[in-house]
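Beneath this line is the structure, given in structure tokens, with notes to follow.
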Amino acid sequence: MSAAASLDPATGVPPLQVTDLTAAVDGADGPVTIVRGLSFSVAAGETVGIVGESGSGKSFTALSIAGLLPDNARVTGGSVRVAGRDTVTMTESARRRVRGAEIGMVYQDPMTSLNPMMRIGSQVAEALTAHGWSAAEARARTLEVLGEVGLPSPALLARLYPHQLSGGMRQRVLIAIALAPRPAVLVADEPTTALDVTIQQQILALVARLRDEYGLAIVWITHDLGVVARIADRVLVMYAGRIVEQATTAQLFARPTHPYSAGLVASIPPMRGADRGDLPQIGGVAASVTALPPGCPFAPRCPQRRPHCTEEEPGLIARGAAQTAPDVSLAACWVPPEDWT
Amino acid sequence: MSADRAPDHPPARPGASRGSRFEETGAAPIVQLRDVVKHYRTRGRGTVHAMDGVSLDIPAGSTLGLVGESGCGKSTTARLLVQLERPTSGSIVVDGIDVTRASAAQRRRLRRTIQMVFQDPYASLDPRVRVGEAIAEVLAVHRLASGSRRRERVVELLEMVGLPASSATRYPHELSGGQRQRIGIARALAVQPKVLVLDEAVSALDVSVRAEVMNLLARLRRDLGLTYLFISHDLGMVRHISDRIAVMYLGQIVEVGPWRPVSDDPAHPYTVALQSAVPVADPAVEAERTQVTVSGEVPDAANPPAGCRFHPRCPLAEEQCAAREPALLPMPGGGPAGGAHLLSCHVVQREQRGATELLARAGEGSER
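Protein sequences, first through last, are from chains R and C.
Okay, so the first sequence: first residue is 1 according to our numbering, each after it adds one.
Okay, so the second sequence: first residue is 1001 according to our numbering, each after it adds one.
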């Protein structure tokens, strides 16, 4: 799926380039492939949103990219290039250096990802000294980055413990830890899902500002299409371990080119107008990667299904109004939107 | 609010006498809260003001949406309504029975009148009990059906929530999140209640499943003539299902009115901030609207700010807001179809204009 790279508006080497990534987890009856051949790249200063429902493989994708898969899981194929270097084939110690230093990661739950026994400042500094920063450099950078994420009085704050902070402040600390070593890539897995909406709004604005200031390449994983509409430049829609649609955010919402994305977009109640009829439903049950149907995994639920769809799984095909980069939409669907019924 | 300050400002709280003004839709309220206060005494943190003088009416057959962020008191409101807890003061009348003074027999009746559906269907189902038995258990506890009639009723309830009769023999872990939430709804419906309290009932569901459960709720309300209290932090879902919407902040109602104005043209600055904070799944809407960003976070409910509780974060705040608590009063020039529109804001009352318009005129809210 080399078409993915052609979407990249940047010239030269993108900060993050994922090619044909597959990843599996050990199941009771042998390994189960959770991510099935993912290709995309993220340019400097760009935010790529990955949306999908439970079991789509989006969080597994995040962990694969960040090199943080649990012991019973592994990348089984493809490459994850960070600034041109493949992190999949490198040694574990080399990967550990890249992780954190060049890819930062932020998770959903700010309560569990911080050490309750350690002062905030020490936790940020630890992320730096682990990557070879001297104690003095780490101390200076800690105070600097706490300020960058909008926390008041960094010197004072660095002496506090996590329980002394609010949820929103803890999430800012986690972002500070991720960004302290000045990585080029930030992978965020639902970091605002547990936050109240006014706090989520603050964090989204903060991340957008940091992206623009430092030219961060951001992968933002979420189930919330509203969050994607607010912050992403491009969106990947995942279903059953694959990308089923890849499009600019504007195109995805205005002219979705995969029936699954179209169903998702339609099922959200509008925030305008007086019409409040039944919400369009996709129907059926999400395909499970442990029991994929033959052909397209979405076919059993698909309103556009043709006979061929249950025979062969489609790859990504250029669709939509703009069939050339950078606005092209790619959809893993045999049926072009103009033929939809 | 503190009771000792009330006499200085008589209109600070909508008293029982103002109840009739809440609704002009004709239907008598089946749920009526008057000046409900719920304080929790905690060790170390002092007294948490979970609810501080909440008055609400829900007319029979209608849906009241209740929105707000964590700690605003919306879940406490739910817990008091279904008698999981008792209010510190105030009255809660459900279907003619005062919850706070109910006899044992009345309490039993109440438990059949009003039922709750929780956010996490997984947590509320016993993993070792087949879902059919979980529904039958409710029928048994309330002595509603026995023997073959009970089995028939279980099947009826499953079908009512869109599940096949065969799902009765499944265990909770064999069901999807949406199916489990349908079981939660079936259990609530088993006692043939008049009122359902839906506390974040669709919040944990996947996007596509959420639409299905929302449609199911709309159908059940229509077919069974149910009344809903729909509690959610998701303004989009609340907008979709509610007849009226109430907005809570730090234990108080700050705005309540017909769904359309409260959602689309909010009058209270907090509602404006909340609405602006919710990302809309439409990049065109996202691009064109002015974002009102409120600073800081919700203060500790054990130590709520004096005056208007929202004033430390409010882009419209002025001196009087820190000094005097605003009363919940009708929207200036309000009173459109669908019932009264009330809000508590000094600035809106003086300017005779809603906060949406005031903030748009002010350019935009404060940054950071």
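Glycine residues also receive a C-beta, built at the ideal position from the N, C-alpha and C atoms.
Since we're looking at a predicted model, the values are computed, not measured.
> Under a CB-based cut-off of 8 Å, is E1297(C) close to chain R?
Replying inline: Chain R contact via Cβ: present.
> Under a CB-based cut-off of 8 Å, is E1069(C) close to chain R?
Replying inline: Closer than 8 Å: yes.
> Would you say R172(R) and L204(R) are within 8 Å of each other, going by their C-beta atoms?
Replying inline: In this structure, R172(R) lies away from L204(R), with their beta-carbon atoms at least 8 Å apart.
> Whose C-alpha, out of V1298(C), V1138(C), Y1270(C), is nearest the C-alpha of C1345(C)?
Replying inline: For the residues V1298(C), V1138(C), Y1270(C), the minimum Cα distance to C1345(C) belongs to Y1270(C).
> If we ignore side chains and look at the alpha-carbon of each, how far apart do T1102(C) and M1051(C) end up?
Replying inline: The residue asked about is misnamed: residue 1102(C) is Ala in this sequence, not Thr. If you take the alpha carbons of A1102(C) and M1051(C), they lie about 21 Å apart.
> Under 8 Å between C-beta atoms, does T1356(C) make it to chain R?
Replying inline: Using a CB distance cut-off of 8 Å, T1356(C) does not count as an interface residue toward chain R.
>> Considering Cα atoms alone, identify which of V1154(C), G1178(C), Q1106(C), A1134(C) is closest to V1082(C).
In response: Checked all of V1154(C), G1178(C), Q1106(C), A1134(C); the closest Cα to V1082(C) is Q1106(C).
> Can you give the Cα-Cα distance for T1293(C) and L1226(C), rounded to whole angstroms?
Replying inline: For T1293(C) and L1226(C), the gap between their C-alpha atoms comes out near 37 Å.
>> Please state whether the Cβ-Cβ distance between D339(R) and N1215(C) is less than 8 Å.
In response: No, the pair does not count as a contact, with Cβ atoms beyond the cut-off.
> Hey, how far is the Cα of S56(R) from the Cα of Y239(R)?
Replying inline: Whole-angstrom Cα-Cα distance: 5 Å.
>> Within 8 Å of any Cβ in chain R, is that where the Cβ of R1170(C) sits?
In response: So no, R1170(C) is outside the interface.
> Does the Cβ-Cβ distance between M169(R) and L143(R) come in under 8 Å?
Replying inline: No.
> Using the beta-carbon count (16 or more within 10 Å), is L1342(C) buried or exposed?
Replying inline: By the C-beta density criterion, L1342(C) is buried, having at least 16 other C-beta atoms within 10 angstroms.
> Nearest to P181(R) by CA position, among G104(R), P116(R), T192(R), D196(R), is which residue?
Replying inline: Considering only G104(R), P116(R), T192(R), D196(R), the residue with the shortest C-alpha distance to P181(R) is G104(R).
> Would you report the Cα separation of I317(R) and T61(R), rounded to the nearest angstrom?
Replying inline: In a straight line, the C-alpha of I317(R) is about 22 Å away from that of T61(R).
>> To the nearest angstrom, how far is the alpha carbon of P336(R) from that of F253(R)?
In response: Each residue's alpha carbon lies about 16 Å from the other.
>> Going by beta-carbon coordinates alone, are I1253(C) and L1056(C) separated by less than 8 Å?
In response: Pairing I1253(C) with L1056(C) gives a Cβ-Cβ distance under 8 Å.
> Exposed or buried, what is D1206(C) when buried is set at 16 or more other beta-carbons lying within 10 Å of its beta-carbon?
Replying inline: By the neighbour-count rule (16 or more Cβ atoms within 10 Å), D1206(C) is buried.
>> So for G84(R), helix, strand or coil by DSSP?
In response: G84(R) carries a coil assignment under DSSP once its states are collapsed to helix, strand and coil.
> What does a CB cutoff of less than 7 Å around Q251(R) pick up in its chain, not counting 5 residues either side in sequence?
Replying inline: Hits under 7 Å: G320, D327, S329.
> Are the beta-carbon atoms of R1180(C) and L1125(C) separated by less than 8 Å?
Replying inline: In contact: R1180(C) and L1125(C) (Cβ atoms closer than 8 Å).
> Should H1173(C) go down as buried or exposed, given a rule of 16 or more other Cβ atoms within 10 Å for buried?
Replying inline: By the 10 Å Cβ count, H1173(C) comes out exposed.
> From which residue to which residue does the beta strand (DSSP E) around M117(R) run?
Replying inline: It is not in any beta strand (DSSP E) - M117(R) carries neither H nor E in the DSSP assignment.
> Ordered along the chain, which non-local residues of its own chain (more than five positions away) have a Cβ less than 8 Å from that of L1359(C)?
Replying inline: Hits under 8 Å: P1269, V1272, T1290, V1292, P1315, L1316, G1365.
> Which class does E1024(C) belong to by DSSP, given the choice of helix, strand or coil?
Replying inline: In this prediction, E1024(C) scores a pLDDT of 45, lower than 50, which makes its location untrustworthy; no coordinate-derived value is stated.
>> Quick check on H1240(C): buried or exposed, where buried means 16 or more other Cβ atoms within 10 Å of its Cβ?
In response: Its Cβ being crowded by 16 or more others within 10 Å, H1240(C) is buried.
> So, I177(R) versus V124(R), is the Cβ gap smaller than 8 Å?
Replying inline: A contact, by the Cβ cut-off of 8 Å.
>> Please list the terminal residues of the continuous alpha helix (DSSP H) segment that includes E245(R).
In response: No alpha helix (DSSP H) contains E245(R), which is instead part of the beta strand (DSSP E) from 242 to 248.
> Does DSSP classify Q201(R) as helix, strand or coil?
Replying inline: Shown here, Q201(R) sits in a helix according to DSSP, grouped into three states.
> Do G1132(C) and V1154(C) have their C-beta atoms within less than 8 Å of each other?
Replying inline: Contact: yes.
>> Short of 8 Å Cβ to Cβ, which residues in the stretch 251 to 277 of chain R face chain C?
In response: The residues in question are F253, A254, G263, L264, V265, S267, I268, P269, P270, M271, R272, A274, R276.
> Which same chain residues, not among the five before or five after S288(R), have their C-beta less than 8 Å away from its C-beta?
Replying inline: For S288(R), where only same-chain residues beyond five positions count, the Cβ hits under 8 Å are G55, A240.
> How many angstroms separate the CA atom of T1025(C) from the CA atom of A1060(C)?
Replying inline: At T1025(C), the pLDDT of 49 sits below 50, so the modelled position is not reliable; the number obtained from the coordinates is stated separately. Distance between the alpha carbons of T1025(C) and A1060(C) is about 10 Å.
>> Can you pull out the residues from the stretch 214 to 225 of chain R whose beta carbon lies closer than 9 Å to at least one beta carbon of chain C?
In response: Along the stretch 214 to 225 of chain R, the positions whose C-beta sits under 9 Å from a C-beta of chain C are H223, D224, L225, read in chain order.
>> Given the structure, does S261(R) come close to the ligand SAM, in the sense that its CB is under 7 Å from one of the ligand's heavy atoms?
In response: Within the structure as shown, the ligand SAM is missing, as the structure has no ligands at all.
>> Using CA atoms only, rank isn't needed, just tell me which of S122(R), I120(R), L128(R), P259(R) is closest to R96(R).
In response: Ranking the options by Cα distance to R96(R), first place goes to L128(R).
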